[in-house]
Amino acid sequence: MSLMTVLFGRRLASDEEEKEQIGPLSGISVLGLDALASASYGPEAALTVLIPLGALGVHYIVPLSALVIGLLAIVYVSYRQTIAAYPNGGGSYIVAKENLGTRAGLVAAAALLIDYVLNVAVAVSAGVGALVSAVPALLPHTLGLCLAVLTLLTAANLRGLRTAGLVFLAPTYAFLGCLFAVIGIGIGKTILHGGHPPPVVAPPSLPVALGTASLALLCHSFASGCTAMTGVEAVSNGVPAFRKPSSEQARRTLSYIVASLGILLAGIAILARAYGITATEPGKSGYQSIVSQIVGAVVGRGPFYYVTLAAVVAVLMLSANTSFADFPRLCQLLALDRFLPEPFIHRGRRLAFSYGIGVLAGLSALLLVVFQGITDALIPLFAVGAFLAFTMSQAGMTAHWRRVGGARSRLHLAVNATGATATAATLVVIIVSKFTEGAWISTLLLLGAFLIFCNVRRHYKHIDEAVRARAPLDLTPPPPPIVVVPIRRWDLVAQKGLRFALRLSPEVYALQVLLDDPRVEDLSGEWHHLVEEPAKEKGVPAPRLSVVRSRYRRLFRPLLRFVTTLARAHPDRQVAVVVPEVVESRWYHYLLHNHTASILKWLLLFRGGKGIVIVNTPFYLPDEPETA
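Heads up, the sequence shown is in numbering that gives the first Met the number 0, so the first residue is 0 and it goes up one at a time.
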């Protein structure tokens, strides 16, 4: 069994894809963790903005959360309609492209891709943040822990969608069970004590009110709290991942996810207000997450506290799986439309889009390093892409119902139009309130991604036009090429190259560049004996030897000059460069060589010119004898 099989499982055949599809039970853990886990950091993000208000800030969390839940309900109904209208996958890119045009689709795709990358970074950093909240001694190692978790998540997702879903199943339902229990117990205590239950473990004391809540501050807090809605679109993007009937399974999954998320948001807001819990400064000594404070206040810091926090940490980290499931699929769609490189199209050994997974992991790692793994620093970037994708999807569905018509089209159109208006208004609030905190970076990233898509498409279009065959095959034999064989010294490698060159053309040049290596001798004196006499006996034209002494110990410049000079002197003929190359029997033997042949081929490809042809003549070394 190979190492790849041990790490990533056996290679799956293309016709085994149906076995990799999932149902609602696994769908929640595969596509719902982003949305569910955001309940842990969305309310905290809103309360973090309200820290300057002191004790007064806690009183605003319930109405702000109610607004978020109301917006969530609108988006939920809209996406149910999207899933029904696009049973093959109704992501923002597809919906916007088909109903609003290609440019609108690309804007939606750029927003989604940025959202997915940020989701991985936010999920991992939030999970590690929850971990260091429970174990403060780990705080100095935040970034290292983030990168370690990202590596493990990447490896898990390379094993395939179904395997990831099964692995994440237990943490997902442990997370939901524990938090539902805490919320139920906490609300029960709140009712019994008239709205002010005594905490088992007192949260950090609230500072006195430091000011009044301005409309700008409340809008800022609402914009941060809206990050709790990220990930809701994932199910509509991943409809093909479900077993048949796919759209029905996807709608059920979406309903379970949104209902659970609504309960979590409402419960956390109510308990935060009842127990007087607010945010602490992220990344600083004494930091405790909102969830940690609530669990401690409701049930204390016994075994159940640590079980609950472990489930929260696990789900926060694993919620990045939503991006690993959807980012590669979106990249595949863009690559099929020729807006991204072709490698994104192809599946890996486990039917996962390995190239997309690798790119996602690399970009997320870069973000974690830049922001040092602090969640709050990433949130201003996070919300812009998510709500732009929401808006483009709902606007596209509005155009869809207007175009399709039908008995109930007006009702569907009204629902999607309401969703588009609500998410667009929220997007404006997010951009305005968070522009100076980093939302401007998201705007630049969106523009950059859009330009990348356009340039990739333009490049592929240029290739298609350049290589398109408009005439039948021309079988007129071309003139024989002029062949150049770079040789270092007289050996079997050089002989193989020269023999092959003489089969290509009667006009062959052997080029030897002499550096300051005392082991390499000038072949001029022996060329007649070694080459010209054997060629004369066989009746073939003898290769001509050109020896160039490099005063400054440069190898590639004299070679390129010789080849390009020949090409300019014979514009009607091709110049074929036969590159002899030694092939080692063990991969680690290549560490002992300077890879001159590979560098020469690269230089000839990019600097040689259109008339240059490169031919490899590999010389395979036998296995080395074992040492005694």
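Yeah, the Cβ is synthetic: ideal placement off N, Cα and C, and Gly gets one too.
Since T422 contacts T390 with CB under 8 angstroms, what's their CB separation in whole angstroms? Here residue 422 is taken as the residue at index 423 of the sequence shown, counted from 1. Here residue 390 is taken as the residue at index 391 of the sequence shown, counted from 1. Rounded, the Cβ-Cβ distance is 5 angstroms, consistent with contact.
My output table needs one value for F352: the three-state DSSP class, helix, strand or coil. Here residue 352 is taken as the residue at index 353 of the sequence shown, counted from 1. The answer is coil: DSSP assigns F352 none of H, G, I, E or B.
Buried or exposed (CB count within 10 angstroms, at least 16 for buried), H527: Counting from 1 along the sequence shown, the entry for residue 527 is found at position 528. H527 comes out exposed.
If you run the structure through DSSP and keep just helix, strand and coil, what is F618? Taking the first residue of the sequence shown as position 1, residue 618 is located at position 619. F618 falls in the strand class under three-state DSSP.
So what does DSSP say about L444, is it helix, strand or coil? Taking the sequence shown and counting its residues from 1, one reaches residue 444 at position 445. Of the three classes helix, strand and coil, the one that applies to L444 here is helix, per DSSP.
Cβ neighbours of A627 in the same chain (closer than 8 angstroms, five flanking residues each side left out): Looking up residue 627 in the sequence shown gives position 628. For A627, the pLDDT reaches just 47, beneath the cut-off of 50, and the residue's location in the model is therefore unreliable, although a value from the coordinates is still provided. There are no such residues.
So what's V199 in DSSP terms, helix, strand or just coil? Within the sequence shown, the letter at position 200 stands for residue 199. DSSP places V199 in coil when its eight states are reduced to three.
Closest by CA to T47, which one among L260, T425, Y286? Mapped onto the sequence shown, residue 47 falls at position 48. Per the Cα distances, Y286.
Which of the three DSSP states is assigned to P139 in this structure? Here residue 139 is taken as the residue at index 140 of the sequence shown, counted from 1. Residue state, collapsed to three classes: helix.
DSSP on A627, reduced to helix/strand/coil? The residue labelled residue 627 in the question sits at position 628 within the sequence shown. With a pLDDT of 47 at A627, under the threshold of 50, the predicted position of this residue should be treated as unreliable, though the coordinate-derived value follows. Three-state result, A627: coil.
Could you check whether V234 and L387 sit closer than 8 angstroms to each other, using their CB atoms as the reference points? Walking along the sequence shown from the start, residue 387 turns up at place 388. Walking along the sequence shown from the start, residue 234 turns up at place 235. No, the Cβ-Cβ distance between L387 and V234 is not below 8 angstroms.
Mind checking T141: buried by the 16 CB within 10 Å criterion, or exposed? If you number the sequence shown from 1, residue 141 lands on position 142. With 16 or more other Cβ atoms within 10 Å, it is buried.
Tell me the rounded alpha-carbon separation between I190 and A273. Here residue 190 refers to the residue found at position 191 when the sequence shown is read from its first residue. Here residue 273 refers to the residue found at position 274 when the sequence shown is read from its first residue. Straight through space, the alpha carbons of A273 and I190 are spaced by roughly 10 angstroms.
Thinking A265 and S64 are a contact (beta carbons under 8 angstroms), I'd like their distance in whole angstroms, please. Locating residue 265 in the sequence shown gives position 266, where the first residue counts as 1. Locating residue 64 in the sequence shown gives position 65, where the first residue counts as 1. Right, the Cβ-Cβ distance comes to about 7 angstroms (below 8 angstroms), so this counts as a contact.
Could you give the first and the last residue of the continuous beta strand (DSSP E) run that contains P485? Taking the first residue of the sequence shown as position 1, residue 485 is located at position 486. Its beta strand (DSSP E) spans residues 481 to 485.
Kindly confirm or deny that the segment 542 to 553 and the segment 444 to 461 touch, where touching means at least three C-beta pairs closer than 8 angstroms. no
Would you call the segment 237 to 250 in contact with the segment 21 to 39, where contact means no fewer than 3 C-beta pairs closer than 8 angstroms? yes
Report, in whole angstroms, the separation of the C-beta atoms of I269 and V61, which I expect to be a contact under 8 angstroms. Sequence index remark: in the sequence shown, residue 269 carries index 270 (1-based). Sequence index remark: in the sequence shown, residue 61 carries index 62 (1-based). Indeed they touch by this definition, with Cβ atoms about 6 angstroms apart.
Considering Cα atoms alone, identify which of F499, P540, W489 is closest to V519. Position 520 of the sequence shown, counted from the first residue, corresponds to residue 519. The shortest Cα separation from V519 among F499, P540, W489 belongs to W489.
Tell me, please, which residues DSSP counts as bridged to L513. Taking the sequence shown and counting its residues from 1, one reaches residue 513 at position 514. In the DSSP output, where bridge partners are listed per residue, L513 has R548.
Would DSSP call V576 helix, strand or coil? Taking the first residue of the sequence shown as 1, we reach residue 576 at position 577. Reduced to three states, the DSSP call for V576 is strand.
Please give me, in chain order, every unbroken run of the alpha helix (DSSP H) with length at least 4 that falls completely inside the segment 232 to 285. At a cut-off of 4 residues, the continuous stretches assigned as alpha helix (DSSP H) that sit fully inside the segment 232 to 285 are 233 to 236, 245 to 274.
What do you get for A108, buried or exposed, if any count of 16 or more other CB atoms within 10 angstroms of its CB means buried? In the sequence shown, counting from the first residue as 1, residue 108 sits at position 109. A108 should be labelled buried.
From L24 to F167, what distance separates their C-alpha atoms? By one-based count along the sequence shown, residue 24 stands at place 25. By one-based count along the sequence shown, residue 167 stands at place 168. Roughly 11 angstroms between the two C-alpha positions.
How about P170 and A310: do their beta carbons lie closer than 8 angstroms? Within the sequence shown, numbered from 1, the residue matching residue 170 stands at position 171. Within the sequence shown, numbered from 1, the residue matching residue 310 stands at position 311. Contact: yes.
Does DSSP put I373 in a helix, a strand or coil? For the purposes of this step, residue 373 is taken as residue 374 along the sequence shown, with counting starting at 1. If DSSP states are grouped into helix, strand and coil, I373 belongs with coil.
Fully enclosed by the segment 78 to 126, which alpha helix (DSSP H) runs are 4 residues long or longer? 91 to 99
Three-state class that DSSP yields for R543 in the structure shown: For the purposes of this step, residue 543 is taken as residue 544 along the sequence shown, with counting starting at 1. In this structure, R543 counts as strand in the three-state DSSP scheme.
Counting Cβ pairs closer than 8 angstroms, one from the segment 122 to 129 and one from the segment 304 to 319, do we hit at least three? yes
Please report how far the alpha carbon of R158 lies from the alpha carbon of C177, in whole angstroms. Numbered from 1 along the sequence shown, position 159 holds the residue referred to as residue 158. Numbered from 1 along the sequence shown, position 178 holds the residue referred to as residue 177. About 28 angstroms.
With a cut-off of 8 angstroms on the beta carbons, I'd call S545 and F561 a contact; round off their distance for me. Within the sequence shown, the letter at position 546 stands for residue 545. Within the sequence shown, the letter at position 562 stands for residue 561. Contact check for S545 and F561: beta-carbon distance about 7 angstroms, within the 8 angstroms limit, so the pair qualifies.
Between the beta-carbon of G299 and the beta-carbon of L205, is there less than 8 angstroms? In the sequence shown, counting from the first residue as 1, residue 299 sits at position 300. In the sequence shown, counting from the first residue as 1, residue 205 sits at position 206. At the C-beta level, G299 and L205 stay beyond 8 angstroms of one another.
Quick one, which of P579, L599, P621, A566 has its alpha-carbon nearest G610's? By one-based count along the sequence shown, residue 610 stands at place 611. Cα-wise, what sits closest to G610 is A566.
Neighbourhood of A419 by C-beta, 7 angstroms cutoff - its chain only, sequence neighbours within 5 removed: For the purposes of this step, residue 419 is taken as residue 420 along the sequence shown, with counting starting at 1. Only T390, Q393, A394, T397 meet the Cβ criterion.
Proximity to V290 [Cα-Cα], best of C145, V131, S213, I256: The residue labelled residue 290 in the question sits at position 291 within the sequence shown. Out of C145, V131, S213, I256, V131 has the C-alpha closest to the C-alpha of V290.
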